[in-house]
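J.:
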Amino acid sequence: MEIDENKDYIYDAHELDVHEGQIIEKLKANSQKSIPDPDGWLDEDIKRNIVLTSLDWVIDWARRSSLWPVACFPACCAIEMMAVEGPRFDLSRFGMEILRASPRQADLMITAGTLTWKMAPNVQRIYNQMPDPKWVIAMGTCGISGGIFRSGYNVVPGYNKIIPVDVYIPGCPPRPEAVIYGIQMLQKKIAKSKAVPDLNELPNPLKKGKK
Amino acid sequence: MTTALAATEIVSQLSAQFPGAVEEAGTDAVLVKGEHLPAVVEYLKTAAGLKFDYLNFITAVDYYSYFEVVYRLTSLEFNRYIVLKTRCYTRNKPSVLTLTGIYQGADWQEREIYDLMGISFKGHKNLKRIFLWEGFDGHPLRKDWNR
Numbered sequence: 002m003e004i005d006e007n008k009d010y011i012y013d014a015h016e017l018d019v020h021e022g023q024i025i026e027k028l029k030a031n032s033q034k035s036i037p038d039p040d041g042w043l044d045e046d047i048k049r050n051i052v053l054t055s056l057d058w059v060i061d062w063a064r065r066s067s068l069w070p071v072a073c074f075p076a077c078c079a080i081e082m083m084a085v086e087g088p089r090f091d092l093s094r095f096g097m098e099i100l101r102a103s104p105r106q107a108d109l110m111i112t113a114g115t116l117t118w119k120m121a122p123n124v125q126r127i128y129n130q131m132p133d134p135k136w137v138i139a140m141g142t143c144g145i146s147g148g149i150f151r152s153g154y155n156v157v158p159g160y161n162k163i164i165p166v167d168v169y170i171p172g173c174p175p176r177p178e179a180v181i182y183g184i185q186m187l188q189k190k191i192a193k194s195k196a197v198p199d200l201n202e203l204p205n206p207l208k209k210g211k212k
Numbered sequence: 009m010t011t012a013l014a015a016t017e018i019v020s021q022l023s024a025q026f027p028g029a030v031e032e033a034g035t036d037a038v039l040v041k042g043e044h045l046p047a048v049v050e051y052l053k054t055a056a057g058l059k060f061d062y063l064n065f066i067t068a069v070d071y072y073s074y075f076e077v078v079y080r081l082t083s084l085e086f087n088r089y090i091v092l093k094t095r096c097y098t099r100n101k102p103s104v105l106t107l108t109g110i111y112q113g114a115d116w117q118e119r120e121i122y123d124l125m126g127i128s129f130k131g132h133k134n135l136k137r138i139f140l141w142e143g144f145d146g147h148p149l150r151k152d153w154n155r
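Here the protein sequences come in this chain order: A and B. In terms of our numbering, the first sequence has 34 at position 33, counting the first letter as 1, and numbering is strictly consecutive. In terms of our numbering, the second sequence has 144 at position 136, counting the first letter as 1, and numbering is strictly consecutive.
1) In terms of residues, what are the limits of the alpha helix (DSSP H) holding B:W153?
2) In terms of residue numbering, what span does the alpha helix (DSSP H) encompassing A:W62 cover?
3) Within a Cβ cutoff of 8 Å, which residues of the same chain sit near B:A33, ignoring the five residues on either side of it in sequence?
4) Please work out which residues of its chain come closer than 7 Å, Cβ to Cβ, to A:K212, disregarding the five sequence neighbours upstream and downstream, and give them in chain order.
5) Roughly how many angstroms separate the alpha carbons of A:A121 and A:F150, rounded to a whole number?
6) When we look at the beta-carbon of A:M140 and count the other beta-carbons within 10 Å, is it buried (16 or more) or exposed?
7) Anything in chain A within Cβ reach of B:F139, meaning under 9 Å, just list it in chain order.
8) With distances taken between CB atoms, is the gap from A:K193 to B:F139 smaller than 8 Å?
9) With DSSP as the reference, label B:N64 as helix, strand or coil.
10) Can you tell me which residues form a DSSP beta bridge with B:R80?
11) Which residue's Cα is closest to the Cα of B:T11: B:F60, B:R80, B:N87 and B:A68?
12) Could you tell me whether any Cβ in chain A is nearer than 8 Å to the Cβ of B:T148?
13) Name the two residues that bound the continuous beta strand (DSSP E) containing A:M120.
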């Protein structure tokens with residue numbers, strides 16, 4: 002279409018209407034036959050029905066693939082944690098991009114930062130509010146041992162003084178790669194854990210008198 | 009940039025207004041006697057031509073033989089600041105008068121000084137520890153504090 006110098010617009014309203022009409026006509030001409038309903042899923046149920054694996058493996062796989070961290074960032078390692086969450090390092094590749102503001106929806110606590118004794122009861126309370134199973138990563142030197150503030154009168158020398166820690170990530174702060182590596186180590190740890198109890202540990206209703 | 013109001017400039021004015029209030033006038037700070045401090049600060053805040061209406065900070069220093077509480081006030085209108093100091097010569101329950109009635113921002117800073125240095129502020133409505141927990145032994149920023 003030629004551009005008319007005298008007009009202050011390229012297409013006038015009528016021309017746009019005509020163009021729209023042509024699109025509709027083309028779509029109508031190409032849409033005379035109805036599209037068949039997808040029925041591929043009908044067989045899928047039968048195909049999927051037989052899976053041979055151990056229950057332990059499945060449960061561990063589910064647990065380690067959807068770790069949701071609780072927001073427990075008392076100090077400066079939180080900045081590095083933001084980088085881990087952000088698009089450059091992108092923790093969501095590992096299924097744990099959702100930082101929960103509520104401990105009741107989380108199963109991983111990444112303790113990013115120096116903890117003072119005044120704050121310690123609150124951190125312990127957050128930990129206690131998390132539902133089982135739950136894991137803790139001590140991030141940075143302050144999380145591991147108190148770091149340079151270790152000899153301070155008001156600093157908790159390591160989170161393992163108040164809550165059990167599964168993985169320690171050193172660094173001040175740790176690089177985002179180190180945090181991701183630490184979480185992968187935690188995933189390996191979870192993969193080895195036993196989720197289903199042994200049969201003889203379960204209460205057996207057939208045996209009378211004995212538990 | 010905010011410029012310092014030289015202590016020598018203001019000290020004659022203060023001495024005329026409050027005889028005996030100024031203990032010592034250095035080049036950069038005015039040392040005020042503890043009992044006159046709120047009146048002097050009130051005057052600096054309200055007097056025409058001074059209008060020190062903003063409290064930058066309060067802090068305290070332990071010099072072993074005495075504690076010094078340091079105040080820095082800024083006049084937003086005239087873009088000048090002044091440093092006031094006051095001293096307590098006792099280590100056992102030192103106290104100075106509160107400024108919370110003049111500047112609300114003094115509240116938490118006075119609590120911080122009380123918490124870490126152990127200087128109490130007479131007239132403060134809610135003088136309790138702010139960083140450390142109730143029951144902490146001693147005041148850790150004192151030079152003679154030891155675990």
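The beta carbon of each residue, even a glycine, is placed where N, CA and C say it ideally should be.
T.: According to the data block:
1) For the purposes of this step, residue 153 of chain B is taken as the residue at position 145 of the second sequence. Here B:W153 belongs to no alpha helix (DSSP H), and DSSP marks it neither H nor E.
2) The sequence position of residue 62 of chain A within the first sequence is 61, counting from 1. Its alpha helix (DSSP H) spans residues L56 to S66.
3) As a position in the second sequence, residue 33 of chain B is number 25, starting the count at 1. Hits under 8 Å: A15, T16, V19 and L39.
4) Position 211 of the first sequence, counted from the start, is the residue given in the question as residue 212 of chain A. Confidence is the limiting factor: at A:K212 the pLDDT is only 49, short of 50, which leaves the residue's position unreliable, though a coordinate-based value still follows. Same-chain partners within the cutoff: P204.
5) The residue labelled residue 121 of chain A in the question sits at position 120 within the first sequence. The residue labelled residue 150 of chain A in the question sits at position 149 within the first sequence. Put simply, the backbone Cα of A:A121 is about 15 Å away from that of A:F150.
6) The residue labelled residue 140 of chain A in the question sits at position 139 within the first sequence. A:M140 should be labelled buried.
7) By 1-based counting over the second sequence, the position of residue 139 of chain B is 131. Those are T117, K119 and N155, listed as they occur along chain A.
8) The count along the first sequence starts at 1 and reaches residue 193 of chain A at position 192. The count along the second sequence starts at 1 and reaches residue 139 of chain B at position 131. Taking 8 Å as the Cβ cut-off, A:K193 and B:F139 do not qualify as a contacting pair.
9) Position 56 of the second sequence, counting from 1, holds the residue named residue 64 of chain B. In the structure shown, B:N64 falls within a strand segment according to DSSP collapsed to helix, strand and coil.
10) Taking the first residue of the second sequence as 1, we reach residue 80 of chain B at position 72. Partner(s): B:F65 and B:V91.
11) Counted from its first residue, the second sequence places residue 11 of chain B at position 3. From the listed residues B:F60, B:R80, B:N87 and B:A68, the smallest Cα separation to B:T11 is found for B:N87.
12) Reading the second sequence from its first residue, position 140 is the one you call residue 148 of chain B. In the sequence as presented, Thr is not what sits at residue 148 of chain B; that position holds Pro. Answer yes: the Cβ-Cβ gap between B:P148 and chain A drops below 8 Å somewhere.
13) Along the first sequence, read from residue 1 onward, the residue named residue 120 of chain A stands at position 119. A:M120 -> no beta strand (DSSP E), and no H or E assigned at all.
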